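> I'd like to ask some things about the structure below.
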């Protein structure tokens with residue numbers, strides 16, 4: 001045998017495609033026997049599609065250049081498989097096994113084909129390992145990437161979910177805060193509150209921190225910034241929902257809440273807000 | 001050259017800042033505003049900054065200064081219509097404009113000024129001074 005290793009490998013893939021597929025399917029079904037996350041027919045169609053794309057890609061150009069243009073469709077297909085598996089709850093190794101389990105049937109073919117030519121055997125085996133390793137790593141990479149996308153999207157949704165600004169009464173807004181306050185969240189909270197103040201023309205905003213587990217100096221500073229910014233725009237802020245432990249912490253930390261109005265419960269804050277707006281309205285009327 | 005108009009509304013002065021502030025304009029505004037306050041005996045100044053997109057520490061300080069000068073001349077200053085982005089910037093810069101009153105819009109600013117010192121307009125000497 002004097003043919004180049006990559007030519008041998010692509011020829012092997014082409015001529016033994018269906019045999020390799022059968023063996024590969026057996027490998028995969030053994031590995032996946034514990035769960036029924038994916039149907040055999042689905043797996044088979046995926047495997048068949050991958051193998052036919054792989055062998056046609058192997059016919060053209062550099063066989064191990066998986067980033068090259070000839071492997072474009074193989075990459076797309078593998079990407080789809082990885083993504084769907086990451087959404088179906090497969091572990092990273094289960095996902096990578098899709099490619100790695102192809103090694104055994106492929107190596108078996110190479111071995112029977114090149115039993116008499118030790119040199120070519122080694123070369124072709126190495127070539128096949130390199131190719132499958134690259135494709136396997138690519139699978140893992142896509143898996144990781146799609147997981148990261150999910151996390152990023154959830155973080156974004158959480159950020160939006162956790163900062164609702166609700167209108168309680170004419171001219172009174174409430175901002176029930178839930179969860180730990182970090183800088184990024186406080187920025188979003190501040191912006192959405194100020195934006196709503198402009199939109200509704202509200203004069204009083206109640207910031208309820210019942211759902212905030214702990215208050216440290218940084219959190220307190222963030223709260224004070226929000227209150228100051230609202231005051232600069234012409235709206236007054238009331239902080240409510242201060243639990244006894246948090247009141248103690250604030251004093252122990254030496255945080256000066258200044259002349260911010262604080263109330264124990266949202267109800268108290270709302271009553272105070274009504275008083276404040278009611279008083280003003282009465283005064284306006286009295287002056288004609 | 002840009003000028004910032006100062007409008008007289010009854011016993012209030014309305015200043016609407018619609019152009020980019022720079023040093024000379026700010027000094028000119030301080031000059032004109034203090035003159036107008038003493039001329040008209042205005043008891044309130046409304047500074048409308050709703051069309052300002054960008055502020056820096058200079059403008060923040062200038063607003064504080066104007067408010068302090070007006071207070072010396074016995075007029076209350078209300079800054080109205082500050083945008084959220086501007087408010088956030090000022091807070092981050094540490095300029096919280098102490099002593100300056102704020103309102104969401106000109107309407108609310110006027111209401112605020114009207115009920116804070118209602119007694120003054122009824123006093124005879126105040127009337128006499130505004131007729132000077």
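Protein chains in written order, with the numbering used here: chain A, 1 to 288; chain B, 1 to 132. Even glycine gets a Cβ: it sits at the ideal position worked out from N, Cα and C. Since this is a predicted model, take the numbers as computed values, not measurements.
Considering only heavy atoms of the ligand NAP, does any lie closer than 7 Å to the CB of residue 118 (chain A)?
Ligands in the displayed structure: none, and consequently the ligand NAP is not present.
> Indicate whether residue 44 (chain B) and residue 68 (chain B) have their beta-carbon atoms separated by less than 8 Å.
No, Cβ-Cβ distance for residue 44 (chain B) and residue 68 (chain B) is not below 8 Å.
> Pull up the distance between the alpha-carbon of residue 131 (chain B) and that of residue 101 (chain B), whole angstroms please.
Its pLDDT being 44, under 50, residue 131 (chain B) is placed unreliably by the model, and nothing is read from it.
> Of all Cβ atoms in chain B, is any one closer than 8 Å to the Cβ of residue 278 (chain A)?
no
> Use the C-beta contact count for residue 17 (chain B): other C-beta atoms within 10 angstroms, 16 or more gives buried, fewer gives exposed.
Residue 17 (chain B) should be labelled buried.
> If I measure Cβ to Cβ from residue 9 (chain A) and keep anything under 8 Å in the same chain, skipping five residues before and after, which residues do I get?
58, 63, 110, 124, 127, 128, 131
> Opposite residue 191 (chain A) in the DSSP bridges: which residues?
Answer is none; residue 191 (chain A) lacks a bridge partner.
> Between the region 162 to 179 of chain A and the region 195 to 207 of chain A, do three or more beta carbon pairs fall short of 8 Å?
At 8 Å Cβ cutoff, the stretches touch.
> Comparing alpha-carbon positions, which option in B:41, B:22, B:85, B:40 lies nearest residue 63 (chain B)?
Here the closest residue by C-alpha is B:22.
> Check whether the Cβ of residue 45 (chain B) lies closer than 8 Å to any Cβ atom in chain A.
no
> Going by DSSP, what residues sit across from residue 78 (chain B) in a beta bridge?
B:46, B:101
> Report back the beta-carbon spacing between residue 177 (chain A) and residue 212 (chain A) to the nearest angstrom; my notes put them in contact at under 8 Å.
Confirmed, Cβ separation roughly 5 Å.
> When the distance is taken between beta carbons, is residue 219 (chain A) closer than 8 Å to residue 239 (chain A)?
no
> Is there a C-beta anywhere in chain B that falls below 8 Å from the one on residue 273 (chain A)?
no
> Give the DSSP-derived three-state secondary structure of residue 200 (chain A) in the structure shown.
helix
> Please list, in chain order, the chain B residues whose beta carbon lies closer than 7 Å to that of residue 225 (chain A).
91
> Rounded to the nearest angstrom, how far is the Cβ of residue 96 (chain A) from that of residue 140 (chain A), given a contact under 8 Å?
The C-beta distance from residue 96 (chain A) to residue 140 (chain A) rounds to 5 Å, short enough to meet the 8 Å contact threshold.
> Considering only the beta carbon of each residue, do residue 50 (chain A) and residue 77 (chain A) sit closer than 8 Å?
yes
> In this structure, how does DSSP classify residue 45 (chain A) when only helix, strand and coil are distinguished?
helix
> In whole angstroms, what is the alpha-carbon distance linking residue 83 (chain B) and residue 251 (chain A)?
33 Å
> If we define contact as Cβ-Cβ less than 8 Å, is residue 85 (chain A) a contact residue for chain B?
no
> Please list, in chain order, all residues of the same chain as residue 142 (chain A) whose beta carbon is under 6 Å from its beta carbon, the five residues on each side excluded.
79, 82
> Mind checking whether residue 193 (chain A) and residue 175 (chain A) have CB atoms under 8 Å apart?
yes
> Quick one: is residue 97 (chain B) near chain A, going by C-beta distance under 8 Å?
yes
> Kindly identify the DSSP beta-bridge partner or partners of residue 371 (chain A).
One cannot answer for residue 371 (chain A) here, as it falls past the ends of chain A, which runs 1 to 288.
> With DSSP run on the structure shown, which of helix, strand or coil describes residue 14 (chain A)?
Note: residue 14 (chain A) maps to helix in three-state DSSP.
> Report the neighbours of residue 104 (chain B) on chain A: residues whose CB is nearer than 9 Å to its CB, in chain order.
197, 198, 201, 202, 203, 233, 234, 235
> Could you list the residues in the region 61 to 88 of chain B with a C-beta less than 9 Å from some C-beta on chain A, going in chain order?
78, 79, 80, 81, 82, 83, 84, 85, 86, 87, 88
> Compute the distance between the beta-carbons of residue 150 (chain B) and residue 99 (chain B), then report whether it is under 8 Å.
The shown model of chain B, from 1 to 132, leaves out residue 150 (chain B), and the question about it has no answer.
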